[in-house]
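I have placed the structure first, in the form of structure tokens, so that the comments after it can refer back to it.
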Amino acid sequence: GESVGLHLPTLSVQEGDNSIINCAYSNSASDYFIWYKQESGKGPQFIIDIRSNMDKRQGQRVTVLLNKTVKHLSLQIAATQPGDSAVYFCAEFSGGYNKLIFGAGTRLAVHP
Amino acid sequence: NAGVMQNPRHLVRRRGQEARLRCSPMKGHSHVYWYRQLPEEGLKFMVYLQKENIIDESGMPKERFSAEFPKEGPSILRIQQVVRGDSAAYFCASSPVEGTDTQYFGPGTRLTVL
């Protein structure tokens, strides 16, 4: 659904560990989802996408899982690196493919 | 292949002035989207345009805000008589076609209203 709140939840991980970032969406009719990474002062950067006819998709070091039953997305980052530190947003297309609805975002902090 | 370009990157205006934000989509992209982001929040959709047409402006405030994407030149988001609540980051995204393509974002314009 719509993002709300003033304070982003933070996930702190050690360098080299795996990270899992979760996202709930509200529109059961949504059929295309995207994960974006946003570094401080920059625009969102595409990471990986998934369509509703799939439940898993893998990229380089990243995996997205989609559970349509409970309307839940997750982003898994393997061997997390300091350069992965950023805010991560899930986004869904709503009302056709012209309007992205962003989730609230999760800040990932990677510690050496 | 240059990405989505936005200018200016930072814009400071006093209350009551006008703000003009520009967006040049990626080469070959004819669909432009504008989003607004408040601190510590996700992006909120404002408007979707194709060349010379506004397709969906359901996220645009009813007053003071307008957008265009002329046949030649960049897309413009115009805010008249700015107020402090307009202070935000404004992002433009583009895609080559509607329906199946990811939107690629520019670096944003950070508007500060004094």
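Chains as they are written, first to last, in the working numbering: chain P, 1 to 112; chain W, 1001 to 1114.
Glycine is no exception: its CB is placed at the ideal position from the N, C-alpha and C atoms.
Just so it is clear, the structure is predicted and the values come from calculations on it, not from any experiment.
Own chain residues within Cβ distance below 6 Å of residue i, not counting five before or after
i	result
Phe1065 (chain W)	Ile1079
Ile34 (chain P)	Asp49 and Ala91
Asn18 (chain P)	Ala78
Arg1013 (chain W)	Ala1019, Val1082 and Val1113
Arg57 (chain P)	Ile50 and Val64
His1016 (chain W)	Residue identity differs from the one stated: residue 1016 (chain W) is Gly in this sequence, not His. Result list for Gly1016 (chain W): Gln1081, in chain order.
Residue i - DSSP class collapsed to helix/strand/coil
i	result
Asp17 (chain P)	coil
Arg1014 (chain W)	coil
Val1083 (chain W)	coil
Asp31 (chain P)	coil
Asp49 (chain P)	strand
Cys1023 (chain W)	strand
Leu1038 (chain W)	coil
Ser12 (chain P)	strand
Val1097 (chain W)	coil
Test item: CB-CB of residue i and residue j under 9 Å
i	j	result
Tyr1090 (chain W)	Arg1036 (chain W)	yes
Gly1028 (chain W)	Gly105 (chain P)	no
Gly1003 (chain W)	Gly1073 (chain W)	no
Gly43 (chain P)	Gly1085 (chain W)	no
Tyr88 (chain P)	Tyr36 (chain P)	yes
Ser101 (chain P)	Phe1045 (chain W)	According to the sequence displayed, residue 101 (chain P) carries Ile and not Ser. A contact, by the Cβ cut-off of 9 Å.
Ser117 (chain P)	Ala86 (chain P)	Given that chain P is displayed from residue 1 to residue 112, the structure contains no residue 117 (chain P) and the question cannot be resolved.
Met1005 (chain W)	Pro1096 (chain W)	no
Glu15 (chain P)	Thr80 (chain P)	yes
Val1032 (chain W)	Leu1021 (chain W)	no
Integer-rounded CB distance, given that residue j should sit under 8 Å from residue i
i	j	result
Gly45 (chain P)	Thr63 (chain P)	The question names Gly, but residue 45 (chain P) is Gln in the sequence shown. Their Cβ separation, rounded to whole angstroms, is 17 Å, which puts Gln45 (chain P) and Thr63 (chain P) out of contact at 8 Å.
Val1047 (chain W)	Glu1057 (chain W)	5 Å
Ser1030 (chain W)	Lys1051 (chain W)	6 Å
His171 (chain P)	Ser12 (chain P)	Any question about residue 171 (chain P) goes unanswered here, given that chain P covers just 1 to 112.
Cys23 (chain P)	Leu66 (chain P)	Not really, about 10 Å apart at Cβ, beyond 8 Å.
Ile1054 (chain W)	Ala1067 (chain W)	7 Å
Cβ shell of residue i (< 7 Å), same chain only, five flanking positions each side left out
i	result
Ser28 (chain P)	Lys71
Ala1088 (chain W)	Arg1036, Gln1037, Leu1038 and Leu1111
Gln60 (chain P)	none
Delimiting residues of the beta strand (DSSP E) encompassing residue i
i	result
Lys56 (chain P)	Lys56 to Gln58
Glu92 (chain P)	Ala86 to Phe93
Gln81 (chain P)	No beta strand (DSSP E) holds Gln81 (chain P); DSSP gives it neither H nor E.
Val64 (chain P)	Val62 to Asn67
Lys1044 (chain W)	Leu1043 to Gln1050
Own chain residues within Cβ distance below 8 Å of residue i, not counting five before or after
i	result
Lys1071 (chain W)	Lys1051 and Glu1052
Met54 (chain P)	Leu66
Thr1102 (chain W)	Ser1095
Leu1011 (chain W)	Ala1019, Leu1021, Thr1109, Arg1110, Leu1111 and Thr1112
Any non-hydrogen atom of the ligand ADP within 8 Å of residue i CB
i	result
Asn53 (chain P)	This structure lacks the ligand ADP, and indeed carries no ligand of any kind.
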